[in-house]
Amino acid sequence: MEGPPILKAEVEKTINDMKNGKAAGPDQIPIELLQALGNWGIDQLTKVLNRIYDTGNIPKDMLISTFITLQKKPGATECENQRTISLMSHTLKLILEILLTRIRSKIKPEISETQFGFVANKGTTNAIFTVMMLMERCIETQKDLYLCFIDYSKAFDKNEFTGHIYRARGIEHLAMTGEINGKKSRGHQRTTYVDSLNTWANLEQHTRSQFMRSSCERQIWKTMTVNACSRHGT
């Protein structure tokens, strides 16, 4: 990598800024151990980080992470109700934090003053309060106010597949829109969109939850879609 070497002061500041009591990574080295290294230990750690920084080669042991899923609410079974955390080496996290701090100092002038959230000391609370005050003022003065809300998490999660979904009008389109195919026969329940998915994908009575879990696994979902589309010529 090109750039100034990592300074001992950067290492010390980053270690002191890291929170205590965090779970250790696969190497089982807690942040408290790095904080207790002392002056000589910080010197040696700085040399190791500079060797990694100069060569771009990170030891394989430091690249191993442990992924754990945490339920957002008790009894959660759907993917969207769980979040994943990664337990990585604190030594690797140390060099990443140092590089991130350097990057932030470079891009900070490019960030708009109207940016709220994901920026230090600029939470969304003040922005929400400002919008509420603006709405009240517009109501009082009988003025029109136009607001646009974009769920970026869903936009980025589905961006790669959205075009294909609405072009193919296949299994993904049914799953997203809940479309019902077929007509209701007298005395028989109308075919649900899950039934349509099972028929379309040639599966044995998958439930909606099973379809949603499959959609969270990209390779499984891709294989299911490719197989279904090839059978139906889409």
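Reading the sequence shown from the start, the letters are residues 372 to 605 in the numbering used here.
Using N, Cα and C, we set each Cβ at its ideal position, and we do this for glycine too.
Cα-Cα separation, residue i to residue j
i    : j    : result
G519 : E507 : According to the sequence as given, residue 519 is Cys; it is not Gly. C-alpha separation (whole angstroms): 17 Å.
I474 : G374 : 12 Å
E543 : T596 : No answer about E543 holds up, because its pLDDT of 45 lies below 50 and its placement is not dependable.
L505 : T496 : 14 Å
G412 : F487 : 39 Å
E403 : H461 : 10 Å
K390 : I400 : 14 Å
D515 : C509 : 7 Å
M547 : Q442 : No answer about M547 holds up, because its pLDDT of 45 lies below 50 and its placement is not dependable.
Q581 : A491 : 40 Å
R422 : I591 : 40 Å
L378 : L470 : 12 Å
T437 : L463 : 14 Å
L408 : G446 : 42 Å
P376 : K477 : 16 Å
I439 : V419 : 29 Å
F414 : K593 : Looking at the sequence provided, one finds Asp at residue 414 rather than Phe. Rounded to whole angstroms, D414 to K593 spans 50 Å at the Cα level.
I499 : A394 : 34 Å
F489 : E449 : 27 Å
N387 : P430 : 24 Å
N452 : N410 : 45 Å
E468 : N598 : 44 Å
M503 : K444 : 29 Å
S457 : Y517 : 40 Å
G494 : A380 : 29 Å
G392 : D432 : 22 Å
Exposed unless 16 or more other CB atoms sit within 10 angstroms - verdict on residue i
i    : result
M459 : buried
T485 : exposed
H559 : Residue confidence is low: H559 scores 48 on pLDDT, short of 50, so the model does not pin down where it sits. Its coordinate-derived value is still stated next. The residue is exposed, with fewer than 16 neighbouring Cβ atoms inside 10 Å.
V382 : buried
G427 : exposed
L405 : buried
I482 : exposed
T512 : exposed
L416 : buried
T472 : exposed
L434 : exposed
W501 : The sequence shown places Thr at residue 501, rather than the Trp named in the question. It counts as exposed.
I466 : buried
T385 : buried
G396 : buried
D425 : exposed
Range of the contiguous alpha helix (DSSP H) that encloses residue i
i    : result
Q415 : G409 to T426
N391 : Taken as a continuous stretch (DSSP letters only), N391 belongs to no alpha helix (DSSP H), as it is neither H nor E.
I402 : I402 to Q406
- Query: Taking the runs of the alpha helix (DSSP H) that are 4 residues or longer, which of them lie wholly in the stretch 432 to 500?
  - Reply: 461 to 478
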